[in-house]
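Engineer: Residue numbers (my numbering): 34 to 262.
So this is what it looks like as structure tokens:
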């Protein structure tokens with residue numbers, strides 16, 4: 034059972050990390066590099082004549098790009114271990130089939146995206162360099178609490194058998210946002226808000242794609258390693 038879980042997680046995480054890393058290099062990194070030009074003062078959007086700019090692929094930097102891909106693969110291997118562990122628990126408890134289908138895997142992947150990306154972004158949107166931000170420790174605590182509460186809530190929505198447990202899930206889902214994420218005392222920063230919004234949307238889009246690949250691949254490999262095969 035352990036090797037079944039571990040193999041599913043590593044292969045799925047490596048593929049999802051590779052897909053996410055490539056998408057990040059093509060869509061997220063150009064926005065990030067553009068934001069850094071504003072952060073360092075090479076570009077200015079206030080108090081200067083407007084100039085035409087284009088967010089485009091900056092070309093290959095072998096060292097930077099390989100490290101980006103490596104970290105993406107490592108991160109999604111970690112996500113894969115968590116996701117497959119949950120699939121294994123659900124399977125052992127007979128909450129789902131021991132051979133979940135591809136569509137079930139996509140649902141698991143979307144749930145992971147909601148818990149670790151979408152729900153926290155309601156209070157703490159992905160940030161480009163140079164924007165104002167709240168205290169780092171406070172943000173980390175809120176992010177962790179939000180992902181944990183959302184994960185438990187989604188589990189209850191999927192598998193709870195009583196209305197009380199479902200109501201608890203609703204409370205857990207809403208609680209972090211009712212309490213509120215840490216905020217800054219004033220908005221400031223040299224980066225145009227248009228750049229920040231493009232960055233946030235692309236980060237979430239790439240995250241969704243990677244999680245769909247992760248869930249679908251993990252579910253498929255998990256099924257292939259089922260004892261009934």
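For glycine and all other residues, C-beta sits at the position ideal for the given N, C-alpha and C.
Cα-Cα, which of 256, 254, 247, 257 is closest to residue 141?
Structural biologist: If we check each option's Cα against that of residue 141, 247 comes out closest.
Engineer: Can you check whether the CB of residue 240 is closer than 8 Å to the CB of residue 150?
Structural biologist: yes
Engineer: Would you check if there are 3 or more beta carbon pairs closer than 8 Å linking the region 99–107 to the region 217–228?
Structural biologist: Under the three-pair Cβ rule at 8 Å, the region 99–107 does not count as touching the region 217–228.
Engineer: Go ahead and pull the three-state DSSP assignment for residue 98.
Structural biologist: Residue state, collapsed to three classes: helix.
Engineer: The ligand NAD heavy atoms versus the CB of residue 120: any closer than 7 Å?
Structural biologist: For the structure depicted, the ligand NAD is absent and the ligand set is empty, with no information on it obtainable.
Engineer: Enumerate in chain order the residues of its own chain whose CB-to-CB distance from residue 254 is below 7 Å, with the five nearest sequence positions on each side excluded.
Structural biologist: 40, 41, 44, 45
Engineer: Tell me which residues share the same chain as residue 118 and place their Cβ nearer than 8 Å to its Cβ, disregarding the 5 neighbours each side in the sequence.
Structural biologist: 38, 42.
Engineer: Taking residue 268 as the reference, which of 108, 128, 162, 175 has the closest Cα?
Structural biologist: In this structure the chain extends from 34 to 262, so residue 268 is not present and cannot be described.
Engineer: In the DSSP assignment, find the alpha helix (DSSP H) that holds residue 62 and state where it starts and stops.
Structural biologist: 62–72
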